[in-house]
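In my numbering, the protein residues as written are 323 to 465.
Spelled out as structure tokens, the structure:
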């Protein structure tokens, strides 16, 4: 199942952005994975917001906030086209939540981590990509 984590310096998001960013990013991830828009799949799309304390993030150049989006998906869930779309839309979503524009896009990094099949467990059992595909299509597997 997908998981997305946004790491930001405290205060880098607008008040409205801080309120909505986690669900917005989870929706972006599910859309690009091609998962059904159902309560079950929305509940499996975990979204974390990690706010760094003041002074904990900088570059060699300046102290402007940077944003790191870590995305974890089952290996094979995203084609190259879907990865590109996810990166583009996640970047726009983060910029919007921070009140920034397209000129600040390089301040957002999106890292896609693909979890090898058979190394993801939930509910006390190993969950394979084929199981997820079958669930998305409304079928059960014998996993």
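Heads up, the beta-carbon is just placed ideally off N, CA and C, and yes, glycines get one too. None of these values were measured; they are calculated from a predicted model.
ask   = Given a threshold of 16 other Cβ atoms within 10 Å of its Cβ, counted over all protein chains shown, does residue 362 qualify as buried or as exposed?
value = exposed
key: Span of the beta strand (DSSP E) around residue 437   = From DSSP, the beta strand (DSSP E) with residue 437 extends over 430-437.
message = Could you check whether residue 355 and residue 391 sit closer than 8 Å to each other, using their CB atoms as the reference points?
response = no
Extent of the continuous alpha helix (DSSP H) to which residue 411 belongs = 402-420
Three-way DSSP call (helix, strand, coil) for residue 355 in this model = helix
query = If you pair each beta-carbon of the segment 402-413 with each one of the segment 363-382, do three or more pairs fall below 8 Å?
reply = no
request  = Could you please give the first and the last residue of the uninterrupted beta strand (DSSP E) stretch that includes residue 335?
outcome  = Premise fails: residue 335 is in no beta strand (DSSP E) and is neither H nor E.
ask   = Sorted by chain position, which residues of the same chain lie with C-beta nearer than 8 Å to residue 332's C-beta, five sequence neighbours on each side aside?
value = 373, 374, 375, 376
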